[in-house]
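Residue numbers (our numbering): -11 to 80.
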Amino acid sequence: MKRIDLLLAATLSVALPAGAADLPDPHSQGAALLMGYCSQCHGAPQPSAHVASEWPQVVARMQNWRITKGMGEIPKKDVEPIIDYLKRHARP
Ligand code: HEC
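Here it is, written out as structure tokens:
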């Protein structure tokens, strides 16, 4: 891991500390997908971090990070349930 990645990981683990048990509706498909795809670079984010209308653009930015890191985009069949889940439990 490069120094900058370590620094980023350390910063993000403070900002995004969620584990599966902390997520709303933890046994749902959305929570499982979020844990799978969204905790590879930082802790899984809390849906309450954003209002529903903001989540699609946040996820789009994360797709770009995945491309930058050579991980490839999350497939459409998985990214849609993730966005639905985030919106359903978003900050009101
Ligand atoms: C390839 C690595 C990577 C993956 C995978 C990833 N993220 Fe991120 N995430 C980042 C980086 C880097 C930042 C800090 C820079 C930024 O905000 O764009 C970040 C920051 C965040 C933030 C805090 C900033 C904000 O706008 O609130 C949230 C929330 C977030 N990510 C959500 C997600 C979600 C949801 C997923 C899964 C769909 C995800 N991340 C997957 C790299 C990643």
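The beta carbon of each residue, even a glycine, is placed where N, CA and C say it ideally should be. Note that the structure is a prediction, hence the values are computed from the model and not measured.
Which whole-angstrom value describes the C-beta separation of residue i and residue j, a residue pair presumed to lie in contact below a C-beta threshold of 8 Å?
i, j, result
"residue 47", "residue 79", "15 Å between Cβ atoms; not a contact."
"residue 71", "residue 44", "6 Å"
"residue 35", "residue 73", "7 Å"
"residue 22", "residue 66", "Residue 22 to residue 66, Cβ: 10 Å. No contact."
For the alpha helix (DSSP H) that contains residue i, what are its first and last residues?
i, result
"residue 26", "17 to 26"
"residue 70", "64 to 76"
"residue 79", "Residue 79 -> no alpha helix (DSSP H), and no H or E assigned at all."
"residue 35", "Careful: residue 35 lies outside any alpha helix (DSSP H) and carries neither H nor E."
"residue 48", "43 to 56"
So, for residue i: in the same chain, excluding its five sequence neighbours on each side, which residues have a beta-carbon less than 7 Å away from its beta-carbon?
i, result
"residue 55", "61"
Skipping 5 residues on each side, what residues in its chain have a beta carbon closer than 6 Å to that of residue i?
i, result
"residue 11", "19"
"residue 75", "40 and 43"
"residue 29", "none"
Apply the 10 Å Cβ neighbour rule to residue i and answer buried if 16 or more other Cβ atoms are within range, or exposed otherwise.
i, result
"residue 50", "buried"
"residue 33", "buried"
Short of 8 Å in beta carbon distance, which residues of its chain neighbour residue i, apart from the five on each side in sequence? Order them along the chain.
i, result
"residue 63", "none"
"residue 153", "Since the first residue of the chain shown is -11 and the last is 80, residue 153 is not available in this structure."
"residue 57", "29"
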